[in-house]
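What follows is a single structure, written as structure tokens, with notes after it.
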Amino acid sequence: DGDSPGPVAVTSLVPDPEVARDDKGPVILDGCRSGLEYTDAWTCVYGDPASAETVVLWGDSHAMQFSPPLIKLAEERGWRLVTMFRGNCLTADVEYRPACDAWRANALDRIEAEQPKLVITATDTGNGYALWEDGKRMSRQDSEPLLRGAYERTLEKLAGATRPRGGVILIRDLPRSGFRPPDCLLEHPEDLAACDFEGMRKNPPGFDLAAARKVGGVKLVDLSDVICPGGTCNSARDGMVVYRDATHISATYAETLTDLLGRQIEIP
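Last residue of the sequence shown: number 640 in the numbering used here, and the count goes up by one each step with no gaps.
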């Protein structure tokens, strides 16, 4: 249900809200995210490197936040999990920023070369990905129809890279808050429920969902009802900081989604 958690002191939360913003999981510690000045598709491999079942997790930081449960699944199921991430980089197939565009093209080539059985991806659908036209920044609203078409092209490419072996799983972008949840928790150390919020989506329903509905071979996974039951999101729940910032869940909480994601992900 969507009831708020009982009284829990902020001092007992993991991670500590003071450092929750850095709770991003092992991929950061392992140097698996391509730096902003680089265009190469940096990869890390988890699970069984010799496995014949290759799964790719690819995207921006909104894909990276799901790496803890997917690494755990790779270890449990013997996958060869290949990760590729670049923060603040649009994976929709459209001109955005030159270095990002080059990274995206390199990553798509790498995904095709990997011949994965499954590609798992996610993307930020917020206001940051406003496009450019004739050297001028478009409004996010005017960018939306172009982003839908561009992300449809990306999903088509990913589906093509997995045929006939498997398919694509798109994890829908999560509801977000209008504030930084860890900061709120620090401001309300004895009343964590004061930091509950009604989850919202920018530019609904999101270009990710709109594109996925049009591409065959793409399975949509929406975790909203679990992370924000009844539409209400908790900044902290079950002794954990759930949201490490306004738009990402913490790696500590993400790992608790392992079994849930595992039920949604099957390799043919």
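Beta carbons: idealized from backbone N, C-alpha and C, even for Gly.
Every value quoted in this text rests on a predicted model; they were computed, and no experiment measured them.
Terminal residues of the beta strand (DSSP E) in which residue i lies
{"i": "Tyr523", "result": "First-last for Tyr523: 512-534, but that is the alpha helix (DSSP H), not the beta strand (DSSP E)."}
{"i": "Arg452", "result": "452-457"}
{"i": "Thr317", "result": "For residue 317 there is no data in the structure shown, the boundaries of the chain being 373 and 640."}
Option in the options with minimal Cα separation from residue i
{"i": "Gly602", "options": "Pro577, Gly571, Phe579", "result": "Gly571"}
{"i": "Arg535", "options": "Ala565, Thr526, Leu542, Lys489", "result": "Lys489"}
{"i": "Ala392", "options": "Pro553, Met510, Gly431, Arg509", "result": "Pro553"}
{"i": "Phe438", "options": "Glu425, Met456, Ala422", "result": "Met456"}
{"i": "Leu408", "options": "Thr383, Cys461, Leu385", "result": "Cys461"}
Residue i (DSSP reduced to helix, strand or coil)
{"i": "Pro377", "result": "In this prediction, Pro377 scores a pLDDT of 46, lower than 50, which makes its location untrustworthy; the coordinate-derived value is nonetheless stated afterwards. Pro377 falls in the coil class under three-state DSSP."}
{"i": "Glu562", "result": "coil"}
{"i": "Phe438", "result": "coil"}
{"i": "Ile400", "result": "helix"}
{"i": "Cys416", "result": "strand"}
{"i": "Phe551", "result": "coil"}
{"i": "Leu542", "result": "strand"}
{"i": "Arg573", "result": "coil"}
{"i": "Lys444", "result": "helix"}
Residue range of the unbroken alpha helix (DSSP H) whose run includes residue i
{"i": "Ile483", "result": "470-486"}
{"i": "Ala626", "result": "623-626"}
{"i": "Gly498", "result": "Per DSSP, Gly498 belongs to no alpha helix (DSSP H) and is neither H nor E."}
{"i": "Gly634", "result": "630-636"}
Next on the checklist: Pairs of beta-carbons, one from the region 505-523 and one from the region 580-589, closer than 8 Å: are there three or more?
Outcome noted: yes
Next on the checklist: Count Cβ pairs between the region 473-480 and the region 443-451 that sit closer than 8 Å; are there 3 or more?
Outcome noted: no
Next on the checklist: Three or more C-beta pairs under 8 Å: does that hold for the region 543-550 against the region 453-468?
Outcome noted: no
Checklist entry - Could you give the uninterrupted runs of the beta strand (DSSP E) lying entirely in the region 581-619, keeping only those of 3 residues or more? => result 590-593
Checklist entry - When the Cβ atoms of the region 493-502 are set against those of the region 425-442, are three or more pairs found closer than 8 Å? => result yes
Next on the checklist: For the structure I just gave you, are there three or more beta carbon pairs, one from the region 620-629 and one from the region 561-576, closer than 8 Å?
Outcome noted: no
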